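Chemist: Below is a structure I'd like to ask you about.
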Amino acid sequence: MTTDDAQGWGYQLDQPWPPPDTPGIVTVGGRTFHRDEGCSGYQRGVRNSIKYGRKLNPVEQVTARQAKERGKGRCSVCWREYL
Numbered sequence: 038m039t040t041d042d043a044q045g046w047g048y049q050l051d052q053p054w055p056p057p058d059t060p061g062i063v064t065v066g067g068r069t070f071h072r073d074e075g076c077s078g079y080q081r082g083v084r085n086s087i088k089y090g091r092k093l094n095p096v097e098q099v100t101a102r103q104a105k106e107r108g109k110g111r112c113s114v115c116w117r118e119y120l
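Here is the structure:
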């Protein structure tokens, strides 16, 4: 985890997660582990960043384990089957 990494919300961290080696994406500024860039939640975050003049951070390919270690929450849109 970098010092600038945004952290997931508590309720996200307490939810069931996909298996540790499951691939997905995160960004440094985002709080959430997504399946891919096609996620409506991810796209909403990008739109909001543009709308409010925030920096768009590059997408990083990570596993569920890596995302969790970085303090990210899992996306409830991408990972509905784990609700």
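Last residue of the sequence shown: 120 (my numbering), numbering continuous. C-beta atoms are modelled at their ideal positions from N, C-alpha and C, and glycine is treated no differently. Computed from a predicted structure; not experimentally measured.
Just how far apart, CA to CA, sit SER113 and LEU120?
Modeler: For the purposes of this step, residue 113 is taken as the residue at position 76 of the sequence shown. For the purposes of this step, residue 120 is taken as the residue at position 83 of the sequence shown. Straight-line Cα distance between these residues: approximately 7 Å.
Chemist: Classify GLU118 as helix, strand or coil using the three-state DSSP reduction.
Modeler: Here residue 118 is taken as the residue at index 81 of the sequence shown, counted from 1. Looking at GLU118 - three-state DSSP - the assignment turns out to be helix.
Chemist: Who does ARG102 pair with in a DSSP beta bridge?
Modeler: Numbered from 1 along the sequence shown, position 65 holds the residue referred to as residue 102. ARG102 is not bridged to any residue.
Chemist: From what residue to what residue does the alpha helix (DSSP H) around GLY82 run?
Modeler: By 1-based counting over the sequence shown, the position of residue 82 is 45. Segment 77-88, the alpha helix (DSSP H) holding GLY82.
Chemist: For the beta strand (DSSP E) holding VAL63, just list the boundary residues, first then last.
Modeler: Indexing the sequence shown from 1 puts residue 63 at position 26. Unbroken beta strand (DSSP E) run through VAL63: 60-63.
Chemist: Select from GLY78, SER86, LYS92 the residue whose C-alpha is nearest the C-alpha of ILE35.
Modeler: Outside the shown range of the chain, which is 38 to 120, sits residue 35, and nothing can be said about it.
Chemist: Here's the rule I'm using: 16 or more other beta-carbon atoms within 10 Å means buried, otherwise exposed. How should TRP116 be labelled?
Modeler: Looking up residue 116 in the sequence shown gives position 79. Under this definition TRP116 is a buried residue.
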